[in-house]
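Chemist: Structure in structure tokens, see below.
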Amino acid sequence: MKIHIVKIGGHLINDQKDLNFSLKSFCQLQGYKVLIHGGGKKADFISNKMGILQKIIQGRRITDKETLDIVVMTYAGMINKNIVALLQSHYCNAFGLCGADGNCIKSYLRKKTNIDYGYVGDINSKSVNTRLIKFLLKNNIIPVLCSITHDGMGNLLNTNADTIASYIAISLAKEKNCETELHFCFEKKGVLRNIQDSESFFQKINFNSFQKMKENHTITNGMIPKLENAFFALKNGVSQVSIGLPNYLNDVNNKTIICP
Numbered sequence: 168m169k170i171h172i173v174k175i176g177g178h179l180i181n182d183q184k185d186l187n188f189s190l191k192s193f194c195q196l197q198g199y200k201v202l203i204h205g206g207g208k209k210a211d212f213i214s215n216k217m218g219i220l221q222k223i224i225q226g227r228r229i230t231d232k233e234t235l236d237i238v239v240m241t242y243a244g245m246i247n248k249n250i251v252a253l254l255q256s257h258y259c260n261a262f263g264l265c266g267a268d269g270n271c272i273k274s275y276l277r278k279k280t281n282i283d284y285g286y287v288g289d290i291n292s293k294s295v296n297t298r299l300i301k302f303l304l305k306n307n308i309i310p311v312l313c314s315i316t317h318d319g320m321g322n323l324l325n326t327n328a329d330t331i332a333s334y335i336a337i338s339l340a341k342e343k344n345c346e347t348e349l350h351f352c353f354e355k356k357g358v359l360r361n362i363q364d365s366e367s368f369f370q371k372i373n374f375n376s377f378q379k380m381k382e383n384h385t386i387t388n389g390m391i392p393k394l395e396n397a398f399f400a401l402k403n404g405v406s407q408v409s410i411g412l413p414n415y416l417n418d419v420n421n422k423t424i425i426c427p
């Protein structure tokens, strides 16, 4: 049983035309598939309209109570249902979920250290309800998960979508006769050497080169946690991890392959 785990984010979610194209590419993938999405830029837009200042530290959002309300409304509501409706238009039967639905993803409040991330949920190897996901897949239903989880005590929490995608891929890879591939899709062809040059993407990145890029600041901000999740997934049983534009799902050349 081969399963494609696809996470979409960045500007792809902001633009309806780009989103529709991304989902069309996703639907063309053969076999079982799961879609995970974020929506931080859309949440930023809504927050700004409401006059609520957002804080991002090291590529991760600080989620206070007001921000939690906004991301739940945006991710689990507007974005999730829009994606499900678009998938249905491409004859892909989809089912929209947050982590609380069917106890799909249970998280725990991140411990306060030198940075207080607020209402942020972290997850581990026991967080993902693989039984539910496999049930949906075997009934030809595509799970569409947003980056809202729950703690089992009635509280919703904001969880990094890349992390969710990684743990879903890892958890399913541990299931009997399951092989998983993890794809991170955003508006670039891959991980860029030069952010100003859209053609300067790495075809392959290994862990040592990633460490060097962090040290010399070739990559910063949101790309760092994305690559951390990519290497974590590869290390824990996921057969292939890649990063790039959504059309690379059917084009082996336009993407960055993550190597050990």
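Each number in our numbering corresponds to the 1-based position in the sequence shown with 167 added.
Glycine residues also receive a C-beta, built at the ideal position from the N, C-alpha and C atoms.
Here the structure is a predicted model, which is why all the values come from computation and not from measurement.
What is the DSSP secondary structure of residue 298, counted as helix, strand or coil?
Modeler: As a first step, residue 298 must be located in the sequence shown, where it is residue number 131. Looking at residue 298 - three-state DSSP - the assignment turns out to be helix.
Chemist: Candidates 228, 248, 216: which alpha carbon is nearest residue 203's?
Modeler: Here residue 203 corresponds to residue number 36 of the sequence shown, with the count starting at 1. Nearest option by C-alpha distance: 248.
Chemist: Kindly give me the distance between the Cβ atoms of residue 165 and residue 170, rounded to whole angstroms, as I take these residues to be in contact under 8 Å.
Modeler: Limits of the chain in this structure are 168 at one end and 427 at the other, which puts residue 165 out of reach.
Chemist: Check the C-beta distance from residue 260 over to residue 308 and give it rounded, since I have them as a contact under 8 Å.
Modeler: Translated into the one-based positions of the sequence shown, residue 260 becomes position 93. Translated into the one-based positions of the sequence shown, residue 308 becomes position 141. About 5 Å; that satisfies the 8 Å criterion.
Chemist: Taking the alpha-carbon positions, what's the residue 442 to residue 273 distance?
Modeler: The structure shown has nothing for residue 442, since the chain only spans 168 to 427.
Chemist: Between the beta-carbon of residue 208 and the beta-carbon of residue 351, is there less than 7 Å?
Modeler: In the sequence shown, residue 208 corresponds to position 41, counting from 1. In the sequence shown, residue 351 corresponds to position 184, counting from 1. No, the pair does not count as a contact, with Cβ atoms beyond the cut-off.
Chemist: Measure how close the beta-carbons of residue 413 and residue 262 come, nearest whole angstrom, since I'm counting them as under 8 Å.
Modeler: Translated into positions along the sequence shown, residue 413 becomes position 246. Translated into positions along the sequence shown, residue 262 becomes position 95. About 21 Å; that fails the 8 Å criterion.
Chemist: Less than 7 Å between C-beta atoms, sequence neighbours within five positions excluded: which residues of the same chain meet that for residue 282?
Modeler: Here residue 282 refers to the residue found at position 115 when the sequence shown is read from its first residue. Excluding residues within five positions, the ones whose Cβ falls inside 7 Å are 224.
Chemist: Can you tell me whether residue 239 is helix, strand or coil according to DSSP?
Modeler: In the sequence shown, counting from the first residue as 1, residue 239 sits at position 72. Note: residue 239 maps to helix in three-state DSSP.
Chemist: Which whole-angstrom value describes the C-beta separation of residue 206 and residue 241, a residue pair presumed to lie in contact below a C-beta threshold of 8 Å?
Modeler: For the purposes of this step, residue 206 is taken as residue 39 along the sequence shown, with counting starting at 1. For the purposes of this step, residue 241 is taken as residue 74 along the sequence shown, with counting starting at 1. That belief holds up - the Cβ atoms of residue 206 and residue 241 are roughly 6 Å apart, short of 8 Å.
Chemist: Just tell me which of 238, 368, 265 has its CA closest to the CA of residue 355.
Modeler: In the sequence shown, counting from the first residue as 1, residue 355 sits at position 188. Out of 238, 368, 265, 368 has the C-alpha closest to the C-alpha of residue 355.
Chemist: In three-state DSSP terms, what is residue 178?
Modeler: One-based indexing of the sequence shown puts residue 178 at position 11. Reduced to three states, the DSSP call for residue 178 is helix.
Chemist: Thinking just about the alpha-carbon of each residue, which of 371, 252, 286, 393 is nearest to the one in residue 177?
Modeler: As a first step, residue 177 must be located in the sequence shown, where it is residue number 10. The shortest C-alpha separation from residue 177 is found at 393.
Chemist: Whole angstroms is fine: what's the gap from residue 291's alpha carbon to residue 334's?
Modeler: Looking up residue 291 in the sequence shown gives position 124. Looking up residue 334 in the sequence shown gives position 167. Their backbone Cα atoms lie some 7 Å apart in a straight line.
Chemist: Take the Cβ of residue 339 as the centre, count every other Cβ of all protein chains shown within 10 Å, and call the residue buried at 16 or more, exposed below.
Modeler: Your numbering for residue 339 matches position 172 in the sequence shown. Buried, by the Cβ-count rule.
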